Amino acid sequence: MIERAHILVVDDEVGPRESLRMLLKPNYDVLTVDSGEAALQELGRFHPDLVFMDIKMPSMDGVEVLRRMKANDPAIEVVMITAYASLDTVKHALTHGAFEYLIKPFSRKDLEETVNRALLRRQAEIGRRGQLAMLAQEMRELTAKTRELEEAARREVAEQCLRVVQLSILREISRGILGQLDLSQLTESITQSLRVGLGYDEVAIHFGGERPAVDDGPTAATCPIRSAGAVLGYLTVNNRPSARAIDPREHELLEMLSEYLAIAIQNSRLYGQIAETKQSLEQLIRSAGEAIISVDRSDRILAWNPAAERIFAASEAEMLGTPITGVLPEASYRQAKAALSAERPVHSYEARAPRRGGGEMELAVTLSALRGGNGQVEGILAIVRDVTSQRELEAQMLQSEKLTALGQLAGGIAHDFNNLLQAILGYAELMARNPDRKDLVRRGLEVIERAASDGSETVRRIQEFARLRPIEAFTSVDLNQVIGEAVAITRPRWEQQAAHLGIRLELVLDLPPLPLVLGRPAALSEVFTNLILNAIDAMPNGGVLRISTADEGTDWVAVEVSDTGTGMPEEVRRRIFDPFYTTKGEAGTGLGLSVSYSIIKNHGGEIRVESQVGRGTSFTVRLPTSQAPEGEPPRPEGPERQRQGRILLIDNEPQVLAVLCEMLVEAGHAVTPTVGGADAVAAYAPGKFDLVVSNIGMPGVNGWEVAERVRAMDPNVPMIFVTGWGLTEKDRERCRTLGVRHWLFKPVKPAELHRTVQDALAH
């Protein structure tokens, strides 16, 4: 019966220790211990053939236990087990005689293959040592025999025995050199073994392709060390001092030794390259500006470079073994880790994390999956960059861009208002000079009213954009009528341009009946006015402006505005709706088309452009159709009874106060106008007024204070706020708290004022 091999398992953790025991016990005698000291005590009793030992153990680590075991029995084969040991530790273990190392976790197949190879080497090592012992014994016997036959064949027999021993030792040297990794240690080991074991007077290894200046002869030999046809160096031996000859068979074995030496040198150089690469990578990691953190499958930190120490203000010793979620927000880390896959092995994201010493920092994080030989994720590599300063700089640049944009916006608004004021002032002066021309007065009043309405629409849109005013409700709109008004507004402009430049501009309208759309007429009029003016500007040499509408029959209507002008290149067409992008230089603001795009989108529609250089441009606007808004209250059949009331009117601007007072008096109300909030509060008494109408923004006692003081005297009197600044959601909530249920935005039209006053008096 063949005796079962003895295997000793040394691990301070019971889980790995018992796992190995269960895997090995069917085929081997297994003994487990939990420390290096216990393992050393069991050597004499258990006599293991093979030892599996963890590198990292308390009290005495695996390398120290290995050194003591090899000192006790060099033939014992030891396999080191590691989960996170460095390459230096593994190399240190191998240089102290370890047979192999396994990295946790390892497969059963890897374990069985390692056991088989180790036991085979153990048997071979024991056999070689037995052979050496037997050869030594034979040498002693031969020596004794030579003494007996000294008279007959003393020299011949002695030399023959010496050759046998030399050949055996040479074979052992050839087998042993393959385990050497350090080139200097390899050279010293070979030369020392040949001098001591084989009795050569001088032994040297010369690296490089140049042959050493050593003359071969009966007492000297030079053997090239070759690998893949290249000469790595030369092995030289010299016995000239002792004059002992080197026979041809010994020379053959020296050449064989040179072949093994070539393999060993290649292994040593590869190891050196690996060591240099490792050192280079470690230097890169140490000098990297980003934090480089590796974590295991349990998300615990295994590596922590100097940049991580700087970014997180924590040392490597402090962070190793701790969860990475201690420095990266857990929710975003878990989400990013879950996004990693074989198809997407890298995932980047940004997160905010608290900074030691107070405050927060912005982090740009890149996670990479680290996969083992079996393709399973063994850990995560996190590269973290502190982008706090970068984000602050970006915010400053964004603020600067906003201020620039605000300046451009203000310039555009000033341009539009100057045009409106020009029309108002021009017609006001003409009417003042010609009061008897009724046609001029009527036309002037229409232009002034339209200009004021357009200015009010611009202010309203800005206030809606700034959320200072509720978005105006949509009404049913006839697009053909809106287009007709836009044509009427722009006609003087393009007729004047045609006359001034001496060109011919032709207008073609194709406006069949359309279903109504839901929208704001003034806003849609602004869109088509912009499109018409842009088309005119695009035809400096004349051309045809065509406007057509169509019922698409799928709850959509379309409007096409096309010209035969200069057209635009593709790079301009792609940016045509960008805010502040203009091709007109200082003559343009870059707001017309971007505002038009925003208006159409707010109406639930779409706008697109097609253009070819030299052939013209076509804009197509599509809007959804709709009937009258649902829930629109029915119109009363007879005249509605108008309520008259006693109204306290408050405003700090005399002109505004006067015109509002005129509107209210014309409607039949008894009005008490007051300039400023202080006079109004002094004039108010419970039961004296049916309604209070107050401006909000006033010096001294403003509208909010007026409402608070009036409410303190009379909690039930209805109030209306009038403002030119607009109201935020917070302001509107404050109005509701004060019991102010109605508010108006300047400029206020008579019909709007009358309707709001009637609603307030009714409640």
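Here this note's numbering is used: the first residue of the sequence shown is 323, the next is one more, and so on. The beta carbon of each residue, even a glycine, is placed where N, CA and C say it ideally should be. Small disclaimer: the values here were computed from a predicted structure and weren't measured.
So, are the CB atoms of residue i and residue j less than 9 Å apart?
| i | j | result |
| --- | --- | --- |
| L342 | D356 | no |
| S847 | I811 | yes |
| V935 | V883 | no |
| V373 | M391 | yes |
| I568 | A535 | no |
| I623 | I614 | no |
| V1044 | V1070 | yes |
| R826 | G864 | yes |
| T888 | V866 | no |
| V978 | L986 | no |
| G1022 | G1046 | no |
| L945 | A844 | no |
| L424 | L416 | no |
| S580 | R548 | yes |
| Y1006 | V1014 | yes |
| V1090 | L365 | Limits of the chain in this structure are 323 at one end and 1085 at the other, which puts residue 1090 out of reach. |
| K431 | P338 | no |
Among residues of its own chain, excluding the 5 on either side of residue i, which ones have a beta-carbon nearer than 6 Å to its beta-carbon?
| i | result |
| --- | --- |
| E908 | Note that E908 has pLDDT 44, beneath the 50 cutoff, so the model's placement of it is unreliable and no number is given. |
| F1011 | R968 and L970 |
| L516 | Y522 and V525 |
| E638 | W626 |
| T513 | V525 |
| A475 | Because A475 carries a pLDDT of 47, less than 50, the predicted location of this residue cannot be relied on, and no value is offered for it. |
| F941 | L853, V883 and V931 |
Quick check on the burial criterion: 16 or more other C-beta atoms within 10 angstroms. Buried or exposed for residue i?
| i | result |
| --- | --- |
| P275 | Residue 275 cannot be examined here, being either before or after the span of the chain that is shown, 323 to 1085. |
| E959 | Per-residue confidence for E959 stands at a pLDDT of 44, beneath the threshold of 50, marking its modelled position as unreliable; no derived number is given. |
| H369 | exposed |
| G384 | buried |
| M1020 | buried |
| P951 | Below a pLDDT of 50, predicted positions are generally treated as unreliable, and P951, at 43, falls in that range; no measurement from the model is reported. |
| A440 | buried |
| P1040 | buried |
| A361 | buried |
| H991 | buried |
| D758 | exposed |
| M641 | buried |
| M861 | buried |
| A635 | exposed |
| A571 | Position check: residue 571 holds Arg in this sequence, whereas Ala was assumed. Exposed, by the Cβ-count rule. |
Residues in the same chain with beta-carbon distance under 7 Å from residue i, minus the five sequence neighbours each way, listed in chain order, please.
| i | result |
| --- | --- |
| G953 | Any answer about G953 is weak, because its pLDDT of 40 lies below 50 and its placement is not dependable; what the coordinates show is given next. Excluding residues within five positions, none has a Cβ falling inside 7 Å. |
| R1031 | V1003 |
| R895 | V931 and S933 |
| N438 | none |
| A808 | S847, F850, T851 and I854 |
If you follow the beta strand (DSSP E) that residue i is in, where does it begin and where does it stop?
| i | result |
| --- | --- |
| I869 | G865 to D873 |
| M683 | E682 to R693 |
| Y593 | That residue, Y593, is in no beta strand (DSSP E); its alpha helix (DSSP H) goes P570 to S609. |
| F899 | No beta strand (DSSP E) contains F899, which DSSP labels as neither H nor E. |
| N560 | A552 to N560 |
| E665 | Neither: E665 is in no beta strand (DSSP E) and is coded neither H nor E. |
| A360 | Per DSSP, A360 belongs to no beta strand (DSSP E); it is in the alpha helix (DSSP H), G358 to F368. |
| N1017 | L1013 to N1017 |
| L855 | Element bounds for L855: not the beta strand (DSSP E) but the alpha helix (DSSP H), P843 to D859. |
| L703 | V699 to D708 |
Give the range of the alpha helix (DSSP H) segment to which residue i is assigned.
| i | result |
| --- | --- |
| Q402 | Reading off the sequence, residue 402 comes out as Met, not Gln. No alpha helix (DSSP H) holds M402; the beta strand (DSSP E) holding it covers E399 to T404. |
| T1059 | E1051 to T1059 |
| M344 | V336 to L346 |
| R619 | Note, R619: premise wrong, no alpha helix (DSSP H); not H, not E. |
| N394 | G384 to N394 |
| M985 | P976 to E988 |
| W1026 | G1025 to M1035 |
On the premise that residue j lies in contact with residue i, defined as a C-beta separation below 8 Å, what is that separation, rounded to the nearest angstrom?
| i | j | result |
| --- | --- | --- |
| G555 | S616 | At roughly 40 Å, the Cβ-Cβ gap does not stay under 8 Å, so G555 and S616 are not in contact. |
| R674 | E684 | 6 Å |
| A670 | L838 | For the sequence presented, residue 670 should be read as Ser rather than Ala. Their Cβ separation, rounded to whole angstroms, is 50 Å, which puts S670 and L838 out of contact at 8 Å. |
| R443 | F421 | 6 Å |
| L603 | L583 | Not confirmed; about 30 Å, so no contact. |
| I805 | L833 | 6 Å |
Beta-carbon within less than 8 Å of residue i's beta-carbon, same chain only, minus the 5 sequence neighbours each way: which residues are those?
| i | result |
| --- | --- |
| M382 | S357, G358 and E359 |
| N696 | S429 |
| T1078 | I1042, H1064 and L1066 |
| P961 | The pLDDT assigned to P961 is 47, lower than 50, so where the model puts this residue is not dependable; a value taken from the coordinates is nonetheless given after this. Excluding residues within five positions, none has a Cβ falling inside 8 Å. |
Considering only heavy atoms of the ligand MG, does any lie closer than 8 Å to the CB of residue i?
| i | result |
| --- | --- |
| A691 | As far as ligands go, the structure on display features none, and thus does not contain the ligand MG. |
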